[in-house]
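S.K.:
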Amino acid sequence: TRSMFVETFRKVNEQFGRLFRSLFDGGKAELILVDERDVLESGIEIIARPPGKKLQSISLLSGGEKAMTAIALLFAIRGVKPSPFCVLDEIDAPLDDSNIGRFARLVRESSRNSQFIIVTHNRTTIATSDIVHGVTMEERGISKQISVRFEKEGRLSAKPEPALR
Amino acid sequence: TRSMFVETFRKVNEQFGRLFRSLFDGGKAELILVDERDVLESGIEIIARPPGKKLQSISLLSGGEKAMTAIALLFAIRGVKPSPFCVLDEIDAPLDDSNIGRFARLVRESSRNSQFIIVTHNRTTIATSDIVHGVTMEERGISKQISVRFEKEGRLSAKPEPALR
Amino acid sequence: MHLKKLELFGFKSFLDRTGFNFEPGVTAIVGPNGCGKTNVVDAIKWVLGEQSALALRGSHMGDVIFNGTDGRKPLGMAEVSLVLDNEDGSVPLDYSEVMITRRIFRSGESEYFINKTPCRLKDINELFMDTGIGTRSYSLIEQGKVDLILSSRPEDRRFLFEEAA
Amino acid sequence: MHLKKLELFGFKSFLDRTGFNFEPGVTAIVGPNGCGKTNVVDAIKWVLGEQSALALRGSHMGDVIFNGTDGRKPLGMAEVSLVLDNEDGSVPLDYSEVMITRRIFRSGESEYFINKTPCRLKDINELFMDTGIGTRSYSLIEQGKVDLILSSRPEDRRFLFEEAA
Ligand SMILES: Nc1ncnc2c1ncn2[C@@H]1O[C@H](COP(=O)(O)OP(=O)(O)OP(=O)(O)O)[C@@H](O)[C@H]1O
Ligand SMILES: Nc1ncnc2c1ncn2[C@@H]1O[C@H](COP(=O)(O)OP(=O)(O)OP(=O)(O)O)[C@@H](O)[C@H]1O
Ligand SMILES: [Mg+2]
Ligand SMILES: [Mg+2]
Numbered sequence: 328t329r330s331m332f333v334e335t336f337r338k339v340n341e342q343f344g345r346l347f348r349s350l351f352d353g354g355k356a357e358l359i360l361v362d363e364r365d366v367l368e369s370g371i372e373i374i375a376r377p378p379g380k381k382l383q384s385i386s387l388l389s390g391g392e393k394a395m396t397a398i399a400l401l402f403a404i405r406g407v408k409p410s411p412f413c414v415l416d417e418i419d420a421p422l423d424d425s426n427i428g429r430f431a432r433l434v435r436e437s438s439r440n441s442q443f444i445i446v447t448h449n450r451t452t453i454a455t456s457d458i459v460h461g462v463t464m465e466e467r468g469i470s471k472q473i474s475v476r477f478e479k480e481g482r483l484s485a486k487p488e489p490a491l492r
Numbered sequence: 328t329r330s331m332f333v334e335t336f337r338k339v340n341e342q343f344g345r346l347f348r349s350l351f352d353g354g355k356a357e358l359i360l361v362d363e364r365d366v367l368e369s370g371i372e373i374i375a376r377p378p379g380k381k382l383q384s385i386s387l388l389s390g391g392e393k394a395m396t397a398i399a400l401l402f403a404i405r406g407v408k409p410s411p412f413c414v415l416d417e418i419d420a421p422l423d424d425s426n427i428g429r430f431a432r433l434v435r436e437s438s439r440n441s442q443f444i445i446v447t448h449n450r451t452t453i454a455t456s457d458i459v460h461g462v463t464m465e466e467r468g469i470s471k472q473i474s475v476r477f478e479k480e481g482r483l484s485a486k487p488e489p490a491l492r
Numbered sequence: 372m373h374l375k376k377l378e379l380f381g382f383k384s385f386l387d388r389t390g391f392n393f394e395p396g397v398t399a400i401v402g403p404n405g406c407g408k409t410n411v412v413d414a415i416k417w418v419l420g421e422q423s424a425l426a427l428r429g430s431h432m433g434d435v436i437f438n439g440t441d442g443r444k445p446l447g448m449a450e451v452s453l454v455l456d457n458e459d460g461s462v463p464l465d466y467s468e469v470m471i472t473r474r475i476f477r478s479g480e481s482e483y484f485i486n487k488t489p490c491r492l493k494d495i496n497e498l499f500m501d502t503g504i505g506t507r508s509y510s511l512i513e514q515g516k517v518d519l520i521l522s523s524r525p526e527d528r529r530f531l532f533e534e535a536a
Numbered sequence: 372m373h374l375k376k377l378e379l380f381g382f383k384s385f386l387d388r389t390g391f392n393f394e395p396g397v398t399a400i401v402g403p404n405g406c407g408k409t410n411v412v413d414a415i416k417w418v419l420g421e422q423s424a425l426a427l428r429g430s431h432m433g434d435v436i437f438n439g440t441d442g443r444k445p446l447g448m449a450e451v452s453l454v455l456d457n458e459d460g461s462v463p464l465d466y467s468e469v470m471i472t473r474r475i476f477r478s479g480e481s482e483y484f485i486n487k488t489p490c491r492l493k494d495i496n497e498l499f500m501d502t503g504i505g506t507r508s509y510s511l512i513e514q515g516k517v518d519l520i521l522s523s524r525p526e527d528r529r530f531l532f533e534e535a536a
């Protein structure tokens, strides 16, 4: 199982580097085993350098850069061993428009192998989905599901709810 | 100083309840001293009940409801003892459009007594400001300040940057 | 293998029986702050066997039962059913659809069902063992937690890789 | 009393001398992810005397000095100046404007100035003692921290009230 872990680590590392470069349009990211001699116990260090910037501790990255780096890593792990579905609750909250577009494209791409259920307030993210379930509380405190908008071939054309931004 | 604390606590409590009702359009919120006999050491419990809903632990509130409750409390404290300026970094991130409007109105109201500096990605929040400073990185890794849009009487009329949502 | 339908009945803010249909691809769940979107995510975690009330934002499991509003009385039971498409046979049952159901009463007792037949939680875990459903923490990212993987300590990050190995 | 101007020079991603003018009322700071907005917030904390590198997302104070990009060399010094309007005399100095400046070198040594005259941090703290500047933690809410007051323990919340008392 030591070799299983090393192999998984190697594959995730390779995908992480590739996804990071794709999401950041350049730069470099990799995973480092803190203690290479003790692979089954070693912690895992994350190195990430957005394009043009100098390498620093990931703590100095911005809120949006941290989210994009975490997304690259999570999707890298998914790439190595996909699970049938993935639920994401408002993970696009810290992202600006351009990064939300990249995130949405990554989700679309990955949705060929996995089903995605995404809670979001963002119009771009919503526009890239196949089905939209609205949740409302017309009667205070009571949740109801409403208006599924559903376009199998092509994008959502209905106007988003006033509650969305 | 025991009486100073009790008096401050009472005033903050009163403003907290009022601001919460205003931000949530109803409901109820208050602060409770865990140990009333030991006012100078006692912890402070927060009770919050959005309109129509039953009272539950604040842990069960939604992301946006928690943010609005925290905003009510922070602005209540400010109301009792204002500081000359207040810096807010993306605190509108978890809010939907309707709550962002309420938050923006609260900031406008409070800005009569304090100066506000708000980092935001949101167009509504930006539209309620008096000055907008753009920060860019045309040369990668180098920050510059650009395009201050400034309208003393009335709202911002310039079109927001493409990086904003 | 993908999710087909989620049904909530008396679960948190979903007083009445409410269904969400899912398709392969991307499903967006939208709505204003506090309307119940994260409660839907909680329902998925819960029906798959979540044992920690804290992970569902409560302090005891009974917190997931609809506990009333200004206009409605609390319920005595909550129930969630999840229907999975099993056309690819990844779940070792001779059905093209598998439904798992979990019920809880005010006493705190949970009941589990596979295709409406009572079973133990253990049976559900064994059923999904090879599919990764319910066991891979990178299948569900909670609100506000996306960059937890970056801020966690190197030793604490390992488990994600171990799950993928 | 309000902020008039903030000037960054070699502070984090602000290689060149960069000024931000502030007016009473509401100032918005906008721009894409990673462009430097939170770095501006860090600069305000830092010039007011922040002693914790962690609070500035770094591991040692030298992390605030511009450390180069692909195309630029690192600097040996960072400097931030903050100009305050003192028309109302709330700062006990006979000036209508008060400028505080902080410099740091790679050695980690900080220098402080009031109106370009060298002083100690202690002098700056005493100067602002009655104004609440730099001392009231409810004057600055960091990115991602708005609901910290709700998730913190009752005993840990006290300090905000003590500051307001
Ligand atoms: N047992 C329960 N009975 C009734 N209502 C409940 C129960 N548990 C939680 N709620 C309500 O559910 C609401 C929270 O819903 P949820 O967290 O799903 O919101 P959300 O749609 O995710 O909002 P946001 O966009 O702010 O994250 C709270 O207002 C809470 O009062
Ligand atoms: N000492 C330094 N020298 C050069 N660049 C630095 C330094 N410290 C931090 N940075 C850079 O500053 C950037 C972070 O900027 P900041 O946190 O201000 O972004 P932001 O505008 O707040 O973005 P977001 O909207 O994502 O929160 C990082 O990319 C980091 O590389
Ligand atoms: Mg939510
Ligand atoms: Mg930031």
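Chains as they are written, first to last, in our numbering: chain A, 328 to 492; chain B, 328 to 492; chain C, 372 to 536; chain D, 372 to 536.
Positions of the beta carbon are idealized from the N, C-alpha and C atoms, including for glycine.
These numbers were taken from a predicted model, which means no experiment stands behind them.
By the criterion of Cβ-Cβ separation under 8 angstroms, what are the contact partners of residue 535 of chain D in chain B?
M.R.: In chain order: 335, 339, 404, 407, 408.
S.K.: Answer yes or no: the CB of residue 437 of chain C versus the heavy atoms of ligand 1, is any distance below 6 angstroms?
M.R.: Answer for residue 437 of chain C: yes, Cβ within range of ligand 1.
S.K.: Helix or strand or just coil, what does DSSP make of residue 437 of chain A?
M.R.: Residue 437 of chain A: helix per DSSP, three-state reduction.
S.K.: May I ask which residues mark the beginning and end of the beta strand (DSSP E) holding residue 503 of chain A?
M.R.: Residue 503 of chain A is absent from the model: chain A starts at 328 and stops at 492.
S.K.: So is residue 441 of chain A in contact with chain D if we call contact Cβ pairs under 7 angstroms?
M.R.: It does not: the Cβ of residue 441 of chain A has no partner Cβ on chain D nearer than 7 angstroms.
S.K.: On the CB-based measure, 16 or more other CB atoms within 10 Å of its CB, does residue 460 of chain A come out buried or exposed?
M.R.: Buried, by the Cβ-count rule.
S.K.: Please return the same chain residues whose Cβ sits closer than 6 angstroms to the Cβ of residue 440 of chain A, not counting the five positions on each side in sequence.
M.R.: The answer, listed in chain order, is 409.
S.K.: So, does the CB of residue 380 of chain D fall closer than 7 angstroms to a CB anywhere in chain B?
M.R.: Closer than 7 angstroms: no.
S.K.: What does the alpha-carbon distance come out to for the pair residue 464 of chain D and residue 496 of chain D?
M.R.: Approximately 13 angstroms, taken between the alpha carbons.
S.K.: For residue 400 of chain D, count the other beta carbons within 10 Å of its own beta carbon; 16 or more makes it buried, fewer makes it exposed. Which is it?
M.R.: Buried: at least 16 other Cβ atoms inside 10 Å.
S.K.: When we look at the beta-carbon of residue 365 of chain B and count the other beta-carbons within 10 Å, is it buried (16 or more) or exposed?
M.R.: Classification for residue 365 of chain B: exposed.
S.K.: Let me know the secondary structure DSSP gives residue 484 of chain D once reduced to three states.
M.R.: If DSSP states are grouped into helix, strand and coil, residue 484 of chain D belongs with the strands.
S.K.: Could you tell me the alpha carbon to alpha carbon distance between residue 416 of chain A and residue 404 of chain C, rounded to whole angstroms?
M.R.: Computed Cα separation, rounded: 13 angstroms.
S.K.: Is residue 431 of chain A buried or exposed, if buried means 16 or more other CB atoms sit within 10 Å of its CB?
M.R.: The residue in question, residue 431 of chain A, is buried, as its Cβ has 16 or more Cβ neighbours within 10 Å.
S.K.: Tell me whether residue 383 of chain C, by its Cβ, gets closer than 6 angstroms to a heavy atom of ligand 3.
M.R.: False, no ligand heavy atom lies under 6 angstroms from that Cβ.
S.K.: Around the C-beta of residue 412 of chain B, are 16 or more other C-beta atoms found within 10 angstroms, so that it is buried, or is it exposed?
M.R.: By the neighbour-count rule (16 or more Cβ atoms within 10 Å), residue 412 of chain B is buried.
S.K.: So which residues on chain D does residue 389 of chain A lean against when the C-beta distance must stay under 7 angstroms?
M.R.: Near residue 389 of chain A (Cβ distances below 7 angstroms), the residues of chain D are 404, 405, 409.
S.K.: If you measure beta-carbon to beta-carbon, which residues of the stretch 444 to 467 of chain A are closer than 9 angstroms to chain B?
M.R.: Answer in chain order: 448, 449, 450, 451, 464, 466, 467.
S.K.: Answer yes or no: the CB of residue 449 of chain B versus the heavy atoms of ligand 6, is any distance below 6 angstroms?
M.R.: As far as ligands go, the structure on display features ligand 1, ligand 2, ligand 3 and ligand 4 and does not contain ligand 6.
S.K.: For residue 354 of chain A, decide whether its Cβ has a neighbour in chain B, counting only Cβ atoms nearer than 7 angstroms.
M.R.: So, not an interface residue.
S.K.: May I have a chain-ordered list of the beta strand (DSSP E) segments no shorter than 3 residues that lie completely inside the stretch 342 to 410 of chain A?
M.R.: Entirely contained in the stretch 342 to 410 of chain A, the beta strand (DSSP E) runs reaching 3 residues are, in chain order, 355 to 360, 371 to 376.
S.K.: Rounded to whole angstroms, what's the CA-CA distance from residue 386 of chain D to residue 443 of chain D? Just pull it up for me.
M.R.: If you take the alpha carbons of residue 386 of chain D and residue 443 of chain D, they lie about 9 angstroms apart.
S.K.: Please tell me whether, using a cut-off of 6 angstroms, the distance from the CB of residue 416 of chain C to the nearest non-hydrogen atom of ligand 3 is below it.
M.R.: Checking every heavy atom of ligand 3 against the Cβ of residue 416 of chain C, none is found closer than 6 angstroms.
S.K.: Compare the C-beta of residue 332 of chain A with all C-beta atoms of chain C and state if any pair is closer than 7 angstroms.
M.R.: So, interface residue.
S.K.: Along the chain, where does the beta strand (DSSP E) containing residue 449 of chain D start, and where does it finish?
M.R.: Run containing residue 449 of chain D: 448 to 456, per the beta strand (DSSP E) assignment.
S.K.: Measuring only the C-alpha atoms, how far is residue 346 of chain B from residue 399 of chain B?
M.R.: Each residue's alpha carbon lies about 5 angstroms from the other.
S.K.: Distance check for residue 507 of chain D and residue 461 of chain D, CA to CA, integer angstroms please.
M.R.: Cα to Cα, the separation comes out at about 16 angstroms.
S.K.: Any Cβ of chain D within less than 7 angstroms of the Cβ of residue 372 of chain A?
M.R.: No, no contact with chain D.
S.K.: Can you grab the Cα-Cα spacing for the pair residue 487 of chain D / residue 516 of chain C, in whole Å?
M.R.: Rounded to the nearest angstrom, the two C-alpha atoms are 44 angstroms apart.
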